[in-house]
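Novice: Going by this note's numbering, the sequence shown opens with residue 59, and the numbers climb by one from there. After the structure tokens below, expect a handful of questions from me.
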Amino acid sequence: MNKLTAKYKNQLNRLLGFFLLMWLISACNTTKHLGESEFLYTGAEINLQSDIDIPDKKDLMSDLEEAVYPEPNRKMLGLFRFRLWMYYMAGETKKEKGFKHWLKYKLGEPPVLLEDVDQDNVSQLMKEKAFNRGHFKPVVTQTTNTKEKKASVEYTIRVNQPYRIDSVYFPPDSNTLMKKIINTCDESLLENGGIYDLGNIDQERQRIRQYLLNKGYYYFSPSYLFYEADTTNGGKNVDLYLKLKKDIPHKSLIPYRINNIYVYSNYSLEDTTSTSCTDTLWVDEMNYISRIDRFRAEEITNVVFLKKGEIYNRLDHEKTISRLIGMNAFKFVNIRFEETTLSDSLAGGLNMFIYLTPDKIHSVRAEVKGIAKSNNFAGPGLEVTYLNRNIFRGAELLTVTAHGNWETQIGGNRENLNSYELGLNTRLQYPRLETPFNLTKNQQKFVPTTNIDLGYNFHHRVKYYTAHSLNTGFGYTWKNALTSRNDLTIIGIEYYQLNNTTELFDEKLDANPYLASTFEDQFMIGPKYSYTYNNLVKNDLQNNFYFQGRTDMSGLIVNGIMQAIDAAGKGNQPTDKLFGSLYAQYFKIDGDVRFYQNFKNQSKMVYRFFAGVGFPFGRSQTLPYVKQYYSGGTNGIRAFRARELGPGDYYPPDSVNSVFFEQTGDIKLEGNVEYRFPIQGPLKGAFFVDAGNIWLINETEDRPGSQFGFGSFYKEIAVGTGLGLRFDLSFLVLRLDLAFPLRKPWLAEGERWVADDIFGYKGWGRENLVLNIAIGYPF
59 MNKLTAKYKN QLNRLLGFFL LMWLISACNT TKHLGESEFL YTGAEINLQS
109 DIDIPDKKDL MSDLEEAVYP EPNRKMLGLF RFRLWMYYMA GETKKEKGFK
159 HWLKYKLGEP PVLLEDVDQD NVSQLMKEKA FNRGHFKPVV TQTTNTKEKK
209 ASVEYTIRVN QPYRIDSVYF PPDSNTLMKK IINTCDESLL ENGGIYDLGN
259 IDQERQRIRQ YLLNKGYYYF SPSYLFYEAD TTNGGKNVDL YLKLKKDIPH
309 KSLIPYRINN IYVYSNYSLE DTTSTSCTDT LWVDEMNYIS RIDRFRAEEI
359 TNVVFLKKGE IYNRLDHEKT ISRLIGMNAF KFVNIRFEET TLSDSLAGGL
409 NMFIYLTPDK IHSVRAEVKG IAKSNNFAGP GLEVTYLNRN IFRGAELLTV
459 TAHGNWETQI GGNRENLNSY ELGLNTRLQY PRLETPFNLT KNQQKFVPTT
509 NIDLGYNFHH RVKYYTAHSL NTGFGYTWKN ALTSRNDLTI IGIEYYQLNN
559 TTELFDEKLD ANPYLASTFE DQFMIGPKYS YTYNNLVKND LQNNFYFQGR
609 TDMSGLIVNG IMQAIDAAGK GNQPTDKLFG SLYAQYFKID GDVRFYQNFK
659 NQSKMVYRFF AGVGFPFGRS QTLPYVKQYY SGGTNGIRAF RARELGPGDY
709 YPPDSVNSVF FEQTGDIKLE GNVEYRFPIQ GPLKGAFFVD AGNIWLINET
759 EDRPGSQFGF GSFYKEIAVG TGLGLRFDLS FLVLRLDLAF PLRKPWLAEG
809 ERWVADDIFG YKGWGRENLV LNIAIGYPF
């Protein structure tokens, strides 16, 4: 098993031979159709030269790469130009539709030829890119390299030391507008000694405009500002003079105040005038106009941050739009301003019109799901959701979701088993903070919500047991910024009850006291909190970062109350039961960190690390089963089935026959690295490596080797690798990941690395290959 057998060597050689053959075929067929004077363009190389160290070399190279066009024909897996090959293989097409036309123009792509490259224009664009970054006299030359009907272009650009900003000068404070601009110079993005950068200059003009918009200058445009550059002082230095264009409209030079505010809460796109709105109320100094008394007026006017008589402020304008959209009660939100005259002010006047088109109050959505798991279980599922977007006339959202699914064994060595699950979950969401005491009016851009949850779940595992769970909770959700989210459950109550156990299941519990303790009927009562930072919502970032931290605590408050009750009673010891059932006592904390490194060819590297730990305390000796960690599965270490790994180097002797009661633990460490790349259209590929395991805080007699140790945990890390295919339609991602283990922590030390066994013996694939089928990316 330590060496590849001749059989599998031959299979591997055939696979490599296939890829080599495809490469040779594509290499030949993609050039033989070219004319005598035609060359297939294979790309460009940029050679950046300078006699000094270029301080902004990385940014400059990025700009220069953007100047290069067109893109050469793409390669599949970096090996061969499959799309170009398919273009020629399809041959001539007489019709503009049909399968052959689809092969040629959708699956295939026409050749990119050397003659399609405007080298002089690319060189000029490179000069402009370098000039915009302070390299005022760049020299660009181009060289064409040809070989066997293929051609590439090498652009050599020589730059000198970039010019730096010596001083930035503002014009005299000749009017109120210029005084305000001068007052904000301390916040300027243009620093003395910084490299001259046209991009920074444009950002500075936008910054000044934003500042003026927040001071009431509604009609001011950044195009009214320009900078004159003076390089006559020598020494690679430049002085910048901020100036205001001449003949600017007068209305751009004065601030504006809000005059009248009109809120149309039931506006329809079919309305051509406002005369169809028949009912007008005066609320918070606003004209609230409505045909139907659908919303409480104050719930809408409370999130309008622009007020009558106040100076126009763009931030308040944007917050108003964001809060109205965030109420989730309106299909369209539109705010329009009309200029008017204020008789008692030198400022201009703006009438504000808010048009709100309500969404449907009631809606029902049904979703049929297909469930397929890597442990040979699959089955259908159905989810039906009812929404009421205005249940108490304050844009409160009521969501009621009923779900059911059935799973059965479809293969493998396991006995014929199945299970089914039914559930009903309800959430009432207020688009504001509901508290028993008065709070200062929330001025955040994003809508905070108050959440009330109630749910029930029924789970029947044939031949084993039936489980019931109830949950309820009260809490808040709020965002400090677009990228951050806070979820706080002030009090959450969960109740788990096991009944109708079979004799087979009872035998398993009798043989495993630890497992029996995790399945006890019990309450979980306490607060929860999670913080999420996610800048994936920003599409303009080269790299993205995600973090989620969570805490979950149970039993502390209840135990205090029970002790107080006991102390006020007859002096009996505090009980560990509530309404006849145990209440769990534990504290749990975990964190999930992800880093996305994006490349220009639409590929990316994704790095993830997860760490979590749960501590039972008080009378609880273990975490409840539903709160424990597990490893493996479609979103974890994909080379192992869900709950197959650990804890530690423990491996149950009956694991081959275990279906439902896979391994769980108190501690989890997991790391993943995944390279994602495009293949063709919505079809994406991936290579990945996963590593990690779970452990117990305290070892149990029935699971030796399961305890976490700082000196040994790294020896018990499982490692798996594999490749994946993803059909990415943006709104839906179907994922198939085929994985196999590289390291099995339960084997004897010195034998845990099993890479040498790959295809090394008959039955290796059946024992080690794990196919994961899932919806969405793993992380």
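For glycine and all other residues, C-beta sits at the position ideal for the given N, C-alpha and C.
Please report how far the alpha carbon of residue 803 lies from the alpha carbon of residue 775, in whole angstroms.
Specialist: Answer to the nearest angstrom: the Cα atoms are 6 angstroms apart.
Novice: Output yes or no for whether 8 angstroms exceeds the beta carbon distance between residue 475 and residue 521.
Specialist: Yes, the pair counts as a contact, with Cβ atoms nearer than the cut-off.
Novice: Leaving out five residues on either side along the sequence, give the residues of the same chain with a beta carbon under 6 angstroms from the beta carbon of residue 260.
Specialist: Nothing meets the Cβ criterion.
Novice: Looking only at its own chain, which residues have a Cβ that is under 8 angstroms from the Cβ of residue 60, when we skip the five neighbours before and after it?
Specialist: The predicted position of residue 60 is uncertain, since its pLDDT is 43 and thus under 50; no value can be drawn from it.
Novice: Which residue wins for smallest C-alpha separation from residue 280, given the options 823, 296 and 302?
Specialist: Comparing Cα-Cα distances from residue 280 to each of 823, 296 and 302, the minimum goes to 302.
Novice: Considering only the beta carbon of each residue, do residue 504 and residue 380 sit closer than 8 angstroms?
Specialist: For residue 504 and residue 380, yes; Cβs fall inside 8 angstroms.
Novice: To which residues does DSSP link residue 137 through a beta bridge?
Specialist: BP columns for residue 137 are empty, so no partner.
Novice: Between the beta-carbon of residue 398 and the beta-carbon of residue 407, is there less than 8 angstroms?
Specialist: Cβ distance < 8 angstroms, so residue 398 and residue 407 count as in contact.
Novice: Using C-beta distances below 6 angstroms, list every residue in its chain close to residue 63, excluding the 5 sequence neighbours before and after it, in chain order.
Specialist: Because the pLDDT of residue 63 is 45, which lies under 50, any placement of that residue in the model is unreliable, and the question is left without a value.
Novice: Among 91, 779, 788 and 463, which residue has its Cα nearest to the Cα of residue 426?
Specialist: For residue 426, the nearest C-alpha among the options comes from 463.
Novice: Please classify residue 693: does DSSP put it in a helix, a strand, or coil?
Specialist: Residue state, collapsed to three classes: coil.
Novice: So does the segment 353-361 actually touch the segment 377-392, counting three or more Cβ pairs closer than 8 angstroms?
Specialist: The answer is yes - the segment 377-392 touches the segment 353-361, with three or more Cβ pairs under 8 angstroms.
Novice: For a quick check, are the C-beta atoms of residue 297 and residue 231 less than 8 angstroms apart?
Specialist: Not closer than 8 angstroms, so no.
Novice: If you follow the alpha helix (DSSP H) that residue 358 is part of, which residue opens it and which one closes it?
Specialist: Looking at the DSSP string, the run of the alpha helix (DSSP H) that includes residue 358 is 355-359.
Novice: Using only the alpha-carbon positions, how far apart do residue 731 and residue 820 sit?
Specialist: So the two alpha carbons sit approximately 30 angstroms from each other.
Novice: Pick helix, strand or coil for residue 267, following the three-state DSSP scheme.
Specialist: It is helical.
Novice: Under the rule that 16 or more other beta-carbon atoms within 10 Å means buried, what is residue 326, buried or exposed?
Specialist: Answer is exposed; the Cβ neighbour count stays below 16.
Novice: Taking 8 angstroms as the threshold (C-beta atoms), are residue 671 and residue 605 in contact?
Specialist: Their beta carbons are not under 8 angstroms apart, which means residue 605 does not touch residue 671 by this criterion.
Novice: Can you grab the Cα-Cα spacing for the pair residue 644 / residue 484, in whole Å?
Specialist: Cα to Cα, residue 644 sits roughly 26 angstroms from residue 484.
Novice: Tell me whether the segment 196-216 and the segment 101-110 touch, counting them as touching only if at least three CB pairs, one residue from each stretch, are closer than 8 angstroms.
Specialist: These segments touch.
Novice: Beta-carbon within less than 8 angstroms of residue 65's beta-carbon, same chain only, minus the 5 sequence neighbours each way: which residues are those?
Specialist: Residue placement at residue 65 is poorly supported in this model, since its pLDDT is 46, which falls under 50; the coordinates still yield a value, given next. Excluding sequence neighbours, residue 65 sits near nothing in its chain.
Novice: Could you tell me the distance, in whole angstroms, from the CA atom of residue 286 to the CA atom of residue 795?
Specialist: Using only the alpha carbons, I get a separation of about 57 angstroms.
Novice: Please classify residue 754: is it buried, with 16 or more other beta-carbons within 10 angstroms of its beta-carbon, or exposed?
Specialist: Residue 754 is buried by the Cβ-count criterion.
Novice: Please confirm whether residue 396 and residue 316 have their CB atoms less than 8 angstroms apart.
Specialist: No, these two residues do not count as a Cβ contact at 8 angstroms.
Novice: Between which two residues does the beta strand (DSSP E) harbouring residue 536 extend?
Specialist: Start and end: 523-539.
Novice: Let me know if residue 39 comes out buried or exposed under the rule of 16 or more other beta-carbons within 10 Å of its beta-carbon.
Specialist: Given that the chain is displayed from residue 59 to residue 837, the structure contains no residue 39 and the question cannot be resolved.
Novice: DSSP has residue 549 in a bridge; who is on the other side?
Specialist: Partner(s): 532.
Novice: Can you give me the C-alpha to C-alpha distance between residue 147 and residue 162, rounded to a whole angstrom?
Specialist: Going by the C-alpha atoms only, they are around 8 angstroms apart.
Novice: Which runs of the alpha helix (DSSP H) spanning at least 4 residues fall entirely within the segment 104-166, listed in chain order?
Specialist: Qualifying alpha helix (DSSP H) stretches, in chain order: 115-125, 140-147 and 157-160.
Novice: Among residues of its own chain, excluding the 5 on either side of residue 440, which ones have a beta-carbon nearer than 8 angstroms to its beta-carbon?
Specialist: The residues are 424, 425, 426, 427, 461, 462 and 463.
Novice: If you pair each beta-carbon of the segment 669-689 with each one of the segment 123-134, do three or more pairs fall below 8 angstroms?
Specialist: Touching, no.
Novice: With which residues is residue 365 paired in a DSSP beta bridge?
Specialist: Partner(s): none; residue 365 has no beta bridge.
Novice: Just to confirm before moving on: does the CB-CB distance between residue 620 and residue 682 stay below 8 angstroms?
Specialist: It is not a contact, given that the beta carbons lie outside the stated cut-off.
Novice: At which residues does the alpha helix (DSSP H) containing residue 571 begin and terminate?
Specialist: Unbroken alpha helix (DSSP H) run through residue 571: 571-576.
Novice: Taking the CB atoms as reference points, tell me whether residue 320 and residue 360 lie closer together than 8 angstroms.
Specialist: No, these two residues do not count as a Cβ contact at 8 angstroms.
Novice: Excluding the 5 residues flanking residue 836 on each side, which residues of the same chain have their C-beta closer than 6 angstroms to its C-beta?
Specialist: Hits under 6 angstroms: 693.
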